[in-house]
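> Heads up, the sequence shown stops at 555 in our numbering, and the numbers go up one at a time, no gaps.
C-beta atoms are modelled at their ideal positions from N, C-alpha and C, and glycine is treated no differently.
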Amino acid sequence: MKNISRLRYFIYLSFIIIAGCTTGKKALQKGDYDAAVSKAVSRLQSSPKNSESLGVLPTAYNFALQDHLRKIDEAKATSDIYKWETVMYNYQKINQLADEINSCPACLTVVPAPSKYVSELAESRLSAGVARYNSGIRLLNLNTRPSAKNAYYEFEKAKNLAPDYKDSEAKMDDAYWAAVTRIVVQPIIINSSYYKLSGDYFQQQIDNFISNYSRNKFVIFYSEQQATKQKIVPDQMLSLNFDDFVVGQTYVKERVERLKRDSIVIGETRERKPVYGTVKATLSIFEKNISSSGLLDMTITDWQSKKIVRQQKFPGTYVWRDSWASYKGDDRALSKQQLAMTRRREVAPPPPDVLFLEFTKPIYSQLAGDISYYYNNY
């Protein structure tokens, strides 16, 4: 019985705690007036006669209204160029509280006419947009790439706040092109017709990467053909050249193993009983490695000063492997795996252009990663 009484007590206490939280009383006591209004409204929507919420709502609403109006007056008195966004935010909060109360019939019995500042909100939004526009003009006039980038974002905010104010969208476009870094990527030159197809494929991968690059909107890559056709004056040149590459270095290694196995049936007696003995064999294992490697140099040069702003080297290696074996002696001395290896024959290696392509794969991966790392936050 005592346990049942305790359980009832805890359940009753839990209901009291939950009820206290949902009426808005605790939020009011903590000075979180907006939350107190929202909680009281929510409670009165489901329980219109809740006395505690009916008592909390007018007090919480009055405190919330006065708190937002105070913050509006304080913001207007400052010299902060972005003060109108603070003013706008507080008017939005006041209007939001009014909308919440107006959606609750029981709430209107204790707060019959919640204040709304529609025209004031519209005016503060326009003023906030004008402030962002003026800030964008100031930044754009500094004529630097970082300031133009910041100006772009200012005009973007101005357009969102005050869509019809002056020429925000046109100015945003001006700021964008003033902030953009134009990079012309020179093609890789491979002085060998033997590897032309593989070199073209490697170049195509790079072209696809730069044409699809979109991580940083203020960085645009052009091929030399695009730059010439569009008459682009670059900010930087990105050149790629192989310092060296070697294709098809061949290494063949032979390993000889002498094998023997005991207790193998090697015959039988006249009575047809098995005769056990030792069998032997010499196993020759051949391993062929064909290595191809290269070192790609990436150099980024400032177009005007001709200074190198970044230089990296990316190594790549690919090793093609083959193995087979032969034996002399009794094949019963060999394991199943060894015997299977003796049945293999030497395989013809891939052609040189394929080997070239294989060693460029890790180079491309490093190159793409480094370009992204360098330009993503440029």
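List, from N- to C-terminal side, the alpha helix (DSSP H) runs of 4 residues or more that fit wholly inside the region 323-377.
You should have 345-356.
> Give me the Cβ distance between L298 and Q269, rounded to the nearest whole Å; I'm assuming they're in contact under 8 Å.
The count along the sequence shown starts at 1 and reaches residue 298 at position 121. The count along the sequence shown starts at 1 and reaches residue 269 at position 92. The pair is a contact, with the Cβ atoms about 6 Å apart (cut-off 8 Å).
> Could you have a look at P527 and say whether DSSP puts it in helix, strand or coil?
To locate residue 527, count along the sequence shown from 1; it is residue 350. Of the three classes helix, strand and coil, the one that applies to P527 here is coil, per DSSP.
> Assign R220 to one of two classes, buried (16 or more other C-beta atoms within 10 Å of its C-beta) or exposed (fewer than that).
In the sequence shown, the residue the question calls residue 220 occupies position 43. It is buried - the Cβ of R220 has at least 16 other Cβ atoms within 10 Å.
> Is it buried or exposed for T537, if we count other Cβ within 10 angstroms and need 16 for buried?
In the sequence shown, counting from the first residue as 1, residue 537 sits at position 360. Buried, by the Cβ-count rule.
> How far does the alpha helix (DSSP H) with Y310 in it reach, from first residue to last?
Taking the first residue of the sequence shown as 1, we reach residue 310 at position 133. 295-317 is the span of the alpha helix (DSSP H), which, as asked, contains Y310.
> What are the start and end residues of the alpha helix (DSSP H) that includes I258?
Indexing the sequence shown from 1 puts residue 258 at position 81. No alpha helix (DSSP H) contains I258, which DSSP labels as neither H nor E.
> Rounded to whole angstroms, what's the CA-CA distance from C284 to P291? Just pull it up for me.
The residue you call residue 284 lines up with position 107 of the sequence shown. The residue you call residue 291 lines up with position 114 of the sequence shown. Rounded to whole angstroms, C284 to P291 spans 10 Å at the Cα level.
> Let's see if you can read the secondary structure: which residues bound the beta strand (DSSP E) around P451?
As a working mapping, residue 451 is identified with position 274 in the sequence shown. Counting along the chain, the beta strand (DSSP E) containing P451 begins and ends at 451-479.
> Is it buried or exposed, V396, if we count other Cβ atoms within 10 angstroms and call 16 or more buried?
On the sequence shown, position 219 is the one that residue 396 refers to. So V396 counts as buried.
> So does the region 387-406 actually touch the region 339-351, counting three or more Cβ pairs closer than 8 Å?
In short, these stretches do not touch, since the Cβ pair count stays below three.
> Run through DSSP, which three-state label would S500 get?
On the sequence shown, position 323 is the one that residue 500 refers to. Strand.
> If you check the beta carbons only, do V233 and E277 fall under 8 Å apart?
Taking the first residue of the sequence shown as position 1, residue 233 is located at position 56. Taking the first residue of the sequence shown as position 1, residue 277 is located at position 100. Cβ distance not < 8 Å, so V233 and E277 don't count as in contact.
> Return the chain-ordered list of same chain residues with a C-beta closer than 7 Å to the C-beta of S215, the five sequence neighbours on each side being excluded.
In the sequence shown, counting from the first residue as 1, residue 215 sits at position 38. Excluding positions up to five away in sequence, the list reads E277.
> Let me know the secondary structure DSSP gives G232 once reduced to three states.
Start at 1 with the first residue of the sequence shown, and residue 232 comes out as number 55. If DSSP states are grouped into helix, strand and coil, G232 belongs with the helices.
> For D250, does the three-state DSSP call read helix, strand or coil?
The residue labelled residue 250 in the question sits at position 73 within the sequence shown. Helix, per DSSP.
> Excluding the five sequence neighbours on either side, which residues of its own chain have a C-beta within less than 7 Å of the C-beta of A275, listed in chain order?
Numbered from its first residue, the sequence shown carries residue 275 at position 98. Excluding residues within five positions, the ones whose Cβ falls inside 7 Å are P291, S292, K293.
> I'd like to check one pair, I467 with T427: are the Cβ atoms closer than 8 Å?
The residue you call residue 427 lines up with position 250 of the sequence shown. The residue you call residue 467 lines up with position 290 of the sequence shown. Yes, they are a contact pair.
> Just grab the DSSP bridge partners of L285 for me.
Your numbering for residue 285 matches position 108 in the sequence shown. In the DSSP output, where bridge partners are listed per residue, L285 has none listed.
> I'd like the span of the alpha helix (DSSP H) that includes D209, first residue to last.
By 1-based counting over the sequence shown, the position of residue 209 is 32. Per DSSP, D209 belongs to no alpha helix (DSSP H) and is neither H nor E.
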